[in-house]
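According to the working numbering, the sequence shown is numbered sequentially starting from 209. Ideal Cβ placement from N, Cα and C applies to all residues, glycine included. To keep things clear, I will list the structure first and then write my remarks on it.
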Amino acid sequence: MDNFVISITRTCGSGATSIGRILAKDLGVELYDRNLLRLASDESGISQELFARADEDQKKSLLFRASQKVYTGGLIPPEKEDFTSNNNLFNYQAKVLRELAEMSSYVVIGRAADYVLNDRTNLVRVFIYASREKCIQKEMNRQKIDWKKADKFITKTDRYRRDYYRYFTGQEWESMRNYDLCINTTDMTYEQAAKAIKDFAFTLLESKKNK
Numbered sequence: 209m210d211n212f213v214i215s216i217t218r219t220c221g222s223g224a225t226s227i228g229r230i231l232a233k234d235l236g237v238e239l240y241d242r243n244l245l246r247l248a249s250d251e252s253g254i255s256q257e258l259f260a261r262a263d264e265d266q267k268k269s270l271l272f273r274a275s276q277k278v279y280t281g282g283l284i285p286p287e288k289e290d291f292t293s294n295n296n297l298f299n300y301q302a303k304v305l306r307e308l309a310e311m312s313s314y315v316v317i318g319r320a321a322d323y324v325l326n327d328r329t330n331l332v333r334v335f336i337y338a339s340r341e342k343c344i345q346k347e348m349n350r351q352k353i354d355w356k357k358a359d360k361f362i363t364k365t366d367r368y369r370r371d372y373y374r375y376f377t378g379q380e381w382e383s384m385r386n387y388d389l390c391i392n393t394t395d396m397t398y399e400q401a402a403k404a405i406k407d408f409a410f411t412l413l414e415s416k417k418n419k
């Protein structure tokens, strides 16, 4: 089979990172999430700390929520003043994702990868979510915080992910039209969810191959 990519978009607390790890291990491929920042840093020559800071800056920016800068694939050259702008840092992450897809198969979490790679035939786009109660319980256990703080954290994180996705894609984060599979993990183990995604992905890829 040609190289494939499984992109995972997720709500906070749905267990997507754990599911992604299980899935990647099962498939014998790499998992990319925040480790993509290091690869983008190597590619661009921009420090990894700057990429990480851009993530944090976007979370706090009101302009980011109110405007759009839809990704088109372009890169700002080093001699330009906004070479290290948040938008260009996103572009370098996207460039790395596209180059990796040419060389190997992988699982990626977030980073609007479903949009960045949407011209690739062997892309499987997955959205993972769970009930609010389960997400809150997950964050309470993970962070050792109470219900109120977990609830607030989830609201803030999901709002950021929604804004991030809209800003760079011009599309709605929770629209099922953007995904091949939407999976509710409320009553599933992470292993069951990973298997369901794997089975679906192979079925979809085989179907595309035989067209």
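Excluding the 5 residues flanking it on each side, L389 has same chain C-beta neighbours closer than 6 Å at V334, F408, in chain order. Straight-line spacing of the CA atoms in F410 and W381 works out to 24 Å. Secondary structure within the region 337-416: the beta strand (DSSP E) runs of 3 or more consecutive residues, fully enclosed, are 389-392 (chain order). In the DSSP assignment, I214 is bridged to V315, V332. For L325, no alpha helix (DSSP H) run applies, since DSSP gives it neither H nor E.
Distance between A320 and D354, taken at the CA atoms: about 30 Å.
Only buried fits D322, as 16 or more other CB atoms lie within 10 angstroms of its CB. By the Cβ neighbour-count rule, S215 is buried, with 16 or more other Cβ atoms within 10 Å of its own.
Rounded to whole angstroms, the gap between the alpha carbons of L325 and I317 is 13 Å. According to DSSP, E238 shares a beta bridge with Y314.
Less than 8 Å separates the beta-carbon of I336 from that of I391. The straight-line gap separating the alpha-carbon atoms of D210 and S312 is approximately 9 Å. Relative to the Cα of T394, the nearest Cα in the group A224, V213, T217 belongs to A224. Three or more beta-carbon pairs separated by less than 8 Å link the region 223-243 to the region 396-403, which places the two stretches in contact.
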